[in-house]
Amino acid sequence: MGLLTFALNVTLDGCCDHREGIADDELHDHFTQLMDAAGAMLWGRVTYEMMESAWPAVARDEKAPQAMREWARKLDAKPKYVVSSSRRDFPWNNTVRLTGDLHEAVAQLKEKTPSGILVGSPTLGAALERLGLIDEYRIVLHPVLAGHGPTLFQGLASPRRLELLSTKRFASGAIAMHHRRAEAR
């Protein structure tokens, strides 16, 4: 069974608005490596639509920066799963809508994807965390104070303890952190 890894950028004050991070080559390379290691991507509809509106065009743009284009081309080829109750049509290459009970659908996806799944949607991530489905967390903390939200994992009923596995400092001052669920004490 593959691991479900939550991966996202966040500012120092907890904002997970994608426009607030430092999107340089090093960051794109980091997320490309994470995607390369995973067997599939998993998003909610809002994140899917944001990604669909930008990355297929970058994959075809020969003038796009190399790190962005590599991310976009690999993302285009990667299996993508979307959780949506309102949208049924997903024309982007290799995109499938997950249906049925969220816990059961994601558990089945983890079972059939031994190399793991990378989820990068804040709202879906919070729902998956409430269901106890996230195994690892790959958060990049940016040295930015955004002054607004949204923030990660809103609405959890109780705290979750995590174990830090590694950190990596980027030239921009961002820090990539790799956590997993801590063993129950």
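Basically the working numbering = 1-based index in the sequence shown + 133.
Every residue gets a Cβ at the ideal spot worked out from N, C-alpha and C, and that includes glycine.
As the structure is a prediction and not an experimental result, all values here were calculated from the model.
Residue i - DSSP class collapsed to helix/strand/coil
i: histidine 324; result: Since the displayed the chain opens at 134 and closes at 318, residue 324 lies outside it and no answer follows.
i: leucine 316; result: The amino acid at residue 316 is misidentified as leucine; the sequence shows glutamate. Glutamate 316: coil per DSSP, three-state reduction.
i: alanine 279; result: coil
i: arginine 220; result: coil
i: glutamate 182; result: helix
i: threonine 232; result: coil
i: aspartate 205; result: According to the sequence provided, residue 205 is alanine. The question's aspartate does not apply to it. Residue state, collapsed to three classes: helix.
i: lysine 213; result: strand
i: glutamate 237; result: helix
i: glycine 249; result: coil
i: tryptophan 188; result: helix
i: glycine 177; result: strand
i: alanine 197; result: coil
i: leucine 274; result: strand
i: methionine 168; result: helix
i: alanine 304; result: coil
Selected residue, minimal CA-CA separation from residue i, among the options
i: leucine 274; options: Asp150, Thr138 and Gly135; result: Asp150
i: alanine 309; options: Leu137, Leu141 and Leu235; result: Leu141
i: glycine 135; options: Trp225, Leu257, Glu185 and Leu175; result: Leu175
i: glutamate 153; options: Thr144, Leu160, His161 and Ala192; result: Thr144
i: leucine 160; options: Ala260, Ala192, Thr246 and Glu203; result: Glu203
i: glycine 258; options: Asp157, Arg230, Ala187 and Leu235; result: Leu235
i: leucine 231; options: Tyr214, Glu262 and His311; result: Tyr214
i: methionine 184; options: Tyr270, His311, Phe223 and Pro198; result: Phe223
Rounded separation between residue i and residue j - CA only
i: leucine 298; j: glycine 306; result: 19 Å
i: lysine 333; j: isoleucine 250; result: Residue 333 falls outside the range modelled here, since the chain spans only 134 to 318, and no answer is possible.
i: glutamine 287; j: alanine 200; result: 32 Å
i: isoleucine 272; j: phenylalanine 139; result: 8 Å
i: serine 291; j: valine 277; result: 27 Å
i: leucine 295; j: isoleucine 267; result: 11 Å
i: lysine 301; j: histidine 163; result: 10 Å
i: asparagine 226; j: glutamate 316; result: 38 Å
i: histidine 216; j: glycine 265; result: This sequence places valine at residue 216; histidine is not what is there. Each residue's alpha carbon lies about 17 Å from the other.
i: serine 254; j: leucine 261; result: 10 Å
i: glycine 233; j: aspartate 158; result: 38 Å
i: isoleucine 155; j: phenylalanine 303; result: 10 Å
i: serine 248; j: arginine 313; result: 16 Å
task = May I ask you to verify whether the stretch 156-174 touches the stretch 193-208, counting CB pairs closer than 8 Å and requiring at least 3?
result = Contact between the stretch 156-174 and the stretch 193-208 is present, because at least three Cβ pairs lie under 8 Å.
Discussion item. Contact between the stretch 276-285 and the stretch 140-156 is defined here as three or more beta-carbon pairs at a separation below 8 Å; is this criterion met?
Written reply: yes
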